[in-house]
Amino acid sequence: MIHGTLETFDGRPALRFERTFAHSVERVWRAVSVPTELERWFPAAADWTPAKGETFEAAGATGEVTEVNPPHRLAWTYAGQLYSFELAAHGDGCRLVFTHVIDDRAFAAQTATGWETYLSRLEPHLAGEYLSEEQAHEPWENIHERYAERFGVDPTPGRQFAATLRAGQ
Numbered sequence: 007m008i009h010g011t012l013e014t015f016d017g018r019p020a021l022r023f024e025r026t027f028a029h030s031v032e033r034v035w036r037a038v039s040v041p042t043e044l045e046r047w048f049p050a051a052a053d054w055t056p057a058k059g060e061t062f063e064a065a066g067a068t069g070e071v072t073e074v075n076p077p078h079r080l081a082w083t084y085a086g087q088l089y090s091f092e093l094a095a096h097g098d099g100c101r102l103v104f105t106h107v108i109d110d111r112a113f114a115a116q117t118a119t120g121w122e123t124y125l126s127r128l129e130p131h132l133a134g135e136y137l138s139e140e141q142a143h144e145p146w147e148n149i150h151e152r153y154a155e156r157f158g159v160d161p162t163p164g165r166q167f168a169a170t171l172r173a174g175q
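If you're matching positions, the sequence shown starts at 7 in my numbering and goes up one per residue.
Okay, here's the thing in structure tokens:
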């Protein structure tokens with residue numbers, strides 16, 4: 007399960023994930039914009055409306071909503087990095103594109119792996135089920151190695167991150 011690509015956005019590395027869901031754009035919009043839904047699958051639920059210019063705190067950092075076009079686009083900055091969800095009708099369902107503009111290409115595989123595991127929680131959530139963070143992260147190391155190879159980056163930072171997490175359990 008590798009859905010992410012490494013691209014360039016305004017000269018910076020950007021991770022892009024595309025998923026299709028058998029759910030309406032409106033349903034997926036709620037899952038990506040409503041705090042009580044975000045907390046079920048996203049790494050940190052933002053306590054937002056969301057509204058353009060709104061600031062929010064999540065996981066010890068500050069973010070700002072930069073664009074809202076319900077139910078099609080939501081963009082924000084968080085800890086100085088850019089993020090966005092784009093939603094479009096796709097047959098009877100929805101195509102979601104999630105983009106995260108990162109600061110350092112060296113961490114692309116590690117960051118992509120994290121997003122891959124969190125996005126894997128979205129489909130069960132939309133279906134009324136729950137996939138725990140722990141379950142979603144079980145294949146983390148294998149996914150990471152594939153991303154490191156695909157992106158042509160050194161896997162060492164991600165391996166060190168995974169080892170630190172294992173040691174802390």
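By construction, the Cβ of each residue, glycine as well, lies at the ideal position given by its N, Cα and C atoms.
Assuming the contact rule is C-beta atoms closer than 8 Å, residue i and residue j should be a hit. Round their C-beta distance to whole Å, please.
| i | j | result |
| --- | --- | --- |
| A37 | E43 | 5 Å |
| V159 | L102 | Not really, about 25 Å apart at Cβ, beyond 8 Å. |
| G10 | W146 | With a Cβ gap of about 14 Å, G10 and W146 do not count as contacting. |
| A114 | L21 | 7 Å |
| Y153 | A118 | 5 Å |
| T68 | T61 | 6 Å |
Do you know whose CA, among the options, lies nearest residue i's CA?
| i | options | result |
| --- | --- | --- |
| S90 | G164, E70, H96, D53 | E70 |
| V107 | A94, G97, R101, A85 | A85 |
| T83 | R111, A57, G99 | A57 |
| L88 | F15, Q116, P76 | F15 |
| E139 | A133, W47, S30 | W47 |
| G134 | C100, H29, Q166 | H29 |
Buried or exposed: where does residue i fall if 16 or more other Cβ atoms within 10 Å of its Cβ makes it buried?
| i | result |
| --- | --- |
| G124 | Checking the sequence shown, residue 124 turns out to be Tyr, not Gly. Buried, by the Cβ-count rule. |
| H78 | exposed |
| L93 | buried |
| G164 | buried |
| P19 | buried |
| Y136 | exposed |
| S39 | buried |
| Q200 | Absent from the structure is residue 200, since the part of the chain shown begins at 7 and ends at 175. |
| T105 | buried |
| L132 | buried |
Under 8 Å Cβ to Cβ from residue i, same chain only, skipping five residues before and after it: list those, please.
| i | result |
| --- | --- |
| A168 | W146, E147, H150 |
| A64 | A50, A51, A52, D53, Y84 |
| H143 | T123 |
| P41 | A51, A52, D53, W54 |
| C100 | T26, F27, H29, S30, V31, R33, V34, L93, A94 |
Once the 5 residues before and after residue i are set aside, which same chain residues still bring their CB inside 7 Å of it?
| i | result |
| --- | --- |
| P130 | Y136, L137 |
| E32 | P77 |
| H96 | T26 |
| E155 | none |
| E45 | A51 |
Give me, in chain order, the residues of the same chain whose beta-carbon lies closer than 6 Å to that of residue i; leave out the 5 immediate sequence neighbours on both sides.
| i | result |
| --- | --- |
| F157 | L12, A114, A115 |
| I8 | R152 |
Is residue i near the ligand GDP, in the sense that its beta carbon is under 6 Å from a heavy atom of that ligand?
| i | result |
| --- | --- |
| R152 | Looking at this structure, you won't find the ligand GDP or any other ligand, since it has none at all. |
Item checked: Meets three-Cβ-pair contact criterion under 8 Å: the stretch 22-29 and the stretch 125-135 -> yes
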